[in-house]
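Step one of this worksheet: look at the structure below.
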Amino acid sequence: DAGITQSPRYKITETGRQVTLMCHQTWSHSYMFWYRQDLGHGLRLIYYSAAADITDKGEVPDGYVVSRSKTENFPLTLESATRSQTSVYFCASSDSLQVPPKTQYFGPGTRLLVL
Amino acid sequence: GIQVEQSPPDLILQEGANSTLRCNFSDSVNNLQWFHQNPWGQLINLFYIPSGTKQNGRLSATTVATERYSLLYISSSQTTDSGVYFCAVGMNYGGSQGNLIFGKGTKLSVKP
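For the record, the sequence lines run as chains A and B.
Counting in the working numbering, the first sequence runs from 468 upward without gaps.
Counting in the working numbering, the second sequence runs from 21 upward without gaps.
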């Protein structure tokens, strides 16, 4: 029972390249989230999804694309990576049926470096 | 949007000491969570506490929603408590879940 996993854990890419970060959860949680963590900013929400095929923008969505064709997967794509997207990316999930409800559980993170 | 302020930004403790971390927020919320990020980067949910008081071992938390603050208490601190503590708040409407806004965290270092 892996819970919530992210891949890759580390990624180096170049400016202008497309990069996809994967997130997979085994709990069948309805909600999934993508955050980025930068020094001085804490965690900021990029996109979230309330269910399969339902996604919505968070605080910092520009330059990112998400999809959710299956409940358990929530990939995040950087269509044309920029240096400002160098960050640590966290995926999280939660479910209103949890006790306590709406607690968010985080993956281990992906460290992305854009050169 | 909702502003979240955490204090102090940095805290150094000797092992065995107690501490109180504070989270102030600027608007009404019905979702408040405390997280611990360990030195390896893993984020762990500590409490879901939009109001009231909860305890889990040496940790406890109190949220006074009417006064827009929450406190996280750490008693008899251990070196494994080191890391960054985040407060996150949000509003949930009906069965849906609103976004969580994170504070910038309190970095705790516990010395042996």
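Glycine is no exception: its CB is placed at the ideal position from the N, C-alpha and C atoms.
If you draw a 10 Å sphere on the C-beta of residue 556/A, you find 16 or more other C-beta atoms in it, and that means buried.
Your pair residue 505/A and residue 547/A does not check out as a contact, with CB atoms roughly 19 angstroms apart and the cut at 8 angstroms. Residue environment analysis places residue 535/A among the buried positions, since at least 16 neighbouring C-beta atoms fall within 10 angstroms of its C-beta. Secondary structure remark: continuous beta strand (DSSP E) runs of at least 3 residues inside the segment 500-572 of chain A, in chain order: 509-518, 521-524, 531-533, 543-545 and 554-561.
Less than 8 angstroms separates the beta-carbon of residue 90/B from that of residue 69/B.
For residue 571/A, the chain B residues whose Cβ falls inside 7 angstroms of its Cβ are 53, 65 and 120, in order along the chain.
Per the Cβ contact rule, the segment 514-522 of chain A is in contact with the segment 490-506 of chain A (3 or more Cβ pairs under 8 angstroms).
Check the Cα spacing between residue 125/B and each of 35/B, 110/B and 26/B: the tightest is with 26/B.
Beta-bridge annotation (DSSP): residue 104/B is paired with 57/B and 127/B. For the set 24/B, 34/B and 61/B, the Cα lying nearest the Cα of residue 104/B is the one of 61/B.
Pairing residue 92/B with residue 54/B, the inter-Cα distance amounts to about 8 angstroms.
Residue 129/B and residue 579/A have their C-alpha atoms some 26 angstroms from each other.
Sequence-ordered contacts of the segment 56-82 of chain B with chain A read 61, 62, 63, 65 and 68 [C-beta pairs closer than 7 angstroms]. Residues of the segment 95-106 of chain B with a C-beta atom less than 8 angstroms from some C-beta of chain A are 106, listed in chain order.
The alpha-carbon of residue 545/A is positioned some 36 angstroms away from that of residue 31/B.
Residue 512/A reaches chain B at 119, 120, 121 and 122, counting residues in chain order whose Cβ is nearer than 9 angstroms.
Under DSSP, residue 578/A takes part in a beta bridge, and its partners are 477/A and 555/A.
Taking CB atoms only, residue 515/A has a neighbour in chain B less than 8 angstroms away. Residue 482/A and residue 522/A have their C-alpha atoms some 26 angstroms from each other. Put simply, the CB of residue 575/A is near chain B, with a gap under 8 angstroms to one of its CB atoms. The C-beta of residue 125/B comes closer than 8 angstroms to at least one C-beta of chain A. Here the alpha carbon of residue 102/B sits roughly 23 angstroms from the alpha carbon of residue 558/A. Using a Cβ-Cβ cut-off of 8 angstroms, residue 541/A does not count as an interface residue toward chain B, since no Cβ of chain B sits closer than that to its own.
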